[in-house]
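K.L.:
Counting from 13, one number per residue, gives the positions in the sequence shown under my numbering. Just so you know, even glycine gets a beta-carbon here, dropped at the ideal spot from N, CA and C. Keep in mind that this is a model prediction, so the values were computed, not measured.
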Amino acid sequence: IREGADSFLRAEYTICAYFIASFGVVVLLMTSYVEKKFQIDQGGLTAISFVAGGFTSIVSGLIGMKVAVFANARTTVMAAGPNPWTDAFNTAFRAGSVMGFSLCGLSMLVLYVLAHLFAVHFKDWDTILVDEADCSDGCAHKDALHLMEALAGYGLGGSSIALFGRVGGGIYTKAADVGADLAGKVVAGIPEDDPRNPATIADNVGDNVGDVAGMGSDLFGSFGEATCAALVIAAQSHDLVSAGWDTLIFPLYISSVGILVCMATSFVATDFRPVRSEASIEEVLKTQLTLSTVGMTVAMFPVCAMFMPQEFYLGPKSFASTCVEGVNTSKCVTMGPMSAFCCIAAGLWGGLIIGFVTEYYTSHSYNPVREVARSTETGAATNIIYGLALGYKSTIIPVGILAGIVFVAFSLMDMFGVALASLGMLGTLSTCLAIDVYGPICDNAGGIAEMAELPEAVREKTDALDAAGNTTAAIGKGFAIGSAALVSLALTAAFVTRTEVLENGVNLLNPTVFSFLLIGSMLPYWFSAMTMKSVGVAAMEMVKEVKRQFDTIPGLLEGTPGHAPPDHARCIKISTDASLREMVPPAILVMTAPIATGMFFGVEAVVGLLAGGMASGVQLAISASNTGGAWDNAKKYVEKGGLYIDMPKRDEVTGEIIRDEFGSPILVPVRQRKGSECHKAAVVGDTVGDPLKDTSGPALNILMKLMAILSLVFAQYFESINNGKGLFNV
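#1: Just to confirm, are residue 427 and residue 508 a CB contact at a threshold of 9 Å?
#2: Give the secondary structure of residue 28 by DSSP, where H, G and I count as helix, E and B as strand, and everything else as coil.
#3: Write down the C-beta distance between residue 183 and residue 462 rounded to the nearest angstrom, noting that I regard them as a contact closer than 8 Å.
#4: What span of residues does the beta strand (DSSP E) with residue 681 cover, start to end?
#5: Near residue 499, which residues of its chain fall below 6 Å by C-beta distance, leaving aside the five closest residues on each side in sequence?
#6: Could you give the distance in angstroms between the alpha-carbon of residue 615 and the alpha-carbon of residue 622?
#7: Distance check for residue 322 and residue 332, CA to CA, integer angstroms please.
#8: Under the three-state reduction of DSSP, which class applies to residue 507: helix, strand or coil?
#9: Along the chain, where does the alpha helix (DSSP H) containing residue 743 start, and where does it finish?
#10: Could you tell me which residues DSSP puts in a beta bridge with residue 275?
#11: What do you reckon, are the CB atoms on residue 744 and residue 360 nearer than 9 Å?
#12: Taking buried to mean at least 16 other C-beta atoms within 10 Å of its own C-beta, is residue 318 buried or exposed?
#13: Tell me the residue span of the alpha helix (DSSP H) that contains residue 584.
#14: How about residue 221 and residue 15: do their beta carbons lie closer than 9 Å?
#15: Just mark residue 136 as buried or exposed, buried being the case when its beta carbon has 16 or more other beta carbons within 10 Å.
#16: Quick one: give me the first and last residue of the alpha helix (DSSP H) that residue 378 is part of.
#17: Of all the alpha helix (DSSP H) runs that stay within the bounds of the segment 594-678, which reach a length of 4 or more residues?
#18: For residue 91 and residue 473, which I take to be in contact (beta-carbon distance under 8 Å), what is that distance rounded to the nearest angstrom?
#19: Between which two residues does the alpha helix (DSSP H) containing residue 102 stretch?
#20: For residue 20, which of 423, 42, 33 and 78 has the nearest alpha-carbon?
#21: What do you get for residue 373, buried or exposed, if any count of 16 or more other CB atoms within 10 angstroms of its CB means buried?
#22: So what's residue 49 in DSSP terms, helix, strand or just coil?
#23: Taking DSSP as the reference, what is the three-state secondary structure of residue 528?
#24: Based on DSSP bridge pairs, tell me the residues matched to residue 344.
#25: How big is the Cα-Cα spacing for residue 488 and residue 54?
#26: Rounded to whole angstroms, how far is the Cβ of residue 247 from the Cβ of residue 123, which I believe are closer than 8 Å?
#27: Near residue 721, which residues of its chain fall below 6 Å by C-beta distance, leaving aside the five closest residues on each side in sequence?
#28: Would you call the segment 477-496 in contact with the segment 449-467, where contact means no fewer than 3 C-beta pairs closer than 8 Å?
#29: Using the Cβ count rule (16 or more neighbours within 10 Å means buried), how would you classify residue 534?
#30: Tell whether a beta-carbon distance below 9 Å holds between residue 1 and residue 63.
#31: Hey, how far is the Cα of residue 464 from the Cα of residue 300?
#32: Nearest to residue 254 by alpha carbon, out of 190, 273 and 320?
#33: Going by CA-CA distance only, name the one from 106, 726 and 229 that's closest to residue 278.
#34: Helix, strand or coil: which one does DSSP assign to residue 211?
#35: Strictly under 9 Å for the Cβ-Cβ distance: is residue 198 near chain E by that measure?
What follows is the structure in structure tokens.
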């Protein structure tokens, strides 16, 4: 598993390094053209921050993957020890914490260092660069704005690598998973993770490169992008810049406090309230997440009071630090610390609620997934129908919560409030990542227990740990999608305020805006189609290879003693080659769409594209992730024996159906387990849902964020073309 994960990441990150070098040149050239003149220092610093963001994302993913791979076998060993519940849980959770704290800490450290280094170059960031006579109402500090725009490249670098990590890792893991399931459980009828199946090692590798390294890169991108969006919006306010450096980089303090809070609460799950039985696993994980949210809420109140001014104007013009009645009062904040706290708290608690709503729709502890499981009584078709309906329905509450967060934040602090809300939602990221990475580690631990032929009791414990991990993984996916939507909106807000496209308003019925609103809403479907088909193509290759090995290696399928071992390396190569090949077209689509739109059609078209992509992307992402998660847990519900189906009672001797006095069969509840018709139908649903929940759904997060950060980084370049009208001058 370790060798396979290393070989894949080596190949993927080699491609990423070439991409960083080549696209860094594009960033350098396009961002050097500022305010209709060529400024190589602006473009050079943006390119430096882009490269720094990309390599920090790579390092974060690599650290998390390495620790997860080392922790897999250790968790298995602990599950076989004298104190299995506490020791196995602590091993997996602490390994996840390494990923959470290293990613958040590295991202904050690098961004803070870059901010200070760039401030040396922009030494006049806190002075007005134009004569007061030319600007009677006061002007924003242009060097501060250029400083923060250069830092925006950091978010672009992180999100670009996240695209490759999420799409490439997602295709890898699901090609192996779907291929192993189809060839093993469906065709050959052997158990999951059976050592005879050549694709099992590739499947376990995929858990690490997709669910750990890929997810880490995704949330690293959110972390960096949300911070950059808030910094760019803040730098356009004369009052916030005038308040000093601490106020200007206040968004960094939100994330930094979050790291300290999560560190303080991390000992609850491992020391103060450890896991002592199967029933307490899920409860401990949820308590951990809730405590982090409560602690973050308490800690942010004094931080807001310390760094935010009591009254300030958010627009580019200052009114002597007072809000003049009747002059664009929507950008006037009269209760600065309290308004900032409310925006951050709205994001914090909104993210937690979205996570728990996602759990309700994807955990077999609740009725929606049990309904999906019961639908398998009539076959795979009804199972798929019920699962799709559940996914569509599960979008209602999360989208409503996101709308409420946006309304509150925008009402209190305009676009800056939306950016603070997105940072608030990401405030407990260290804990969320620890819980997310815990799941794949326990999943792999179970696979290792079965392949190593350890006692059944060990596999039962790892399965119980993994089941709780599936629930919390669903919470993490809901959290990631919600934060991606807010981050995308914050970046769009930064783009809008930077280009001042809203000074005259954006007319929704403008042909260009409306056309690109529709095009933007289509892009998530195009992107999902590409990633889904890529998984299908790679899974077909995997199934054929496994079948070939079963047919050509004597005694492999039968388990004859002394048979030749399965060729795991060949299966790993199939997943690796397919993922590296298939991740390129979706990446090209996401990265060229906003750039081409801005170059040819102008900034208003970009606003329409971003709005459409976010509005449709968040719904499709929630639906796909929850549908796949529900099918997965419906299958697990059947496997654990939770489903009973009324069937005719039969005579124990003759096997004939026993009937009542009226001739009707007497029905008795029969437990459905592995191998039953219900289980076969549930496996089909789970196989269909795998690429939805682990490839297409999560990758849509990147689509929403990457298009927006690209637009922000290249905003000045777009404005330089026909005054923002594009080459077609529409």
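P.N.:
Reading it off the structure:
#1: yes
#2: helix
#3: In fact, because the Cβ distance is near 25 Å, the residues do not count as touching under 8 Å.
#4: 679-683
#5: 234, 237, 238, 434 and 717
#6: 11 Å
#7: Unreliable placement is indicated for residue 332, whose pLDDT of 46 sits below 50; the coordinate value is still reported in the next sentence. Straight-line Cα distance between these residues: approximately 14 Å.
#8: helix
#9: Examination of residue 743 is not possible in this model, given that the chain is present from 13 through 742 alone.
#10: DSSP, once it has assigned bridges, lists no residue as partnering residue 275.
#11: Examination of residue 744 is not possible in this model, given that the chain is present from 13 through 742 alone.
#12: exposed
#13: 580-594
#14: no
#15: exposed
#16: Premise fails: residue 378 is in no alpha helix (DSSP H) and is neither H nor E.
#17: 596-613 and 615-651
#18: 4 Å
#19: 96-133
#20: 78
#21: buried
#22: strand
#23: helix
#24: 325
#25: 37 Å
#26: Not really, about 14 Å apart at Cβ, beyond 8 Å.
#27: 167, 168, 171, 237 and 503
#28: yes
#29: exposed
#30: Outside the displayed span of the chain (13 to 742) sits residue 1, for which this structure offers no information.
#31: 32 Å
#32: 320
#33: 106
#34: coil
#35: No chain E is part of this structure, which consists of one protein chain only.
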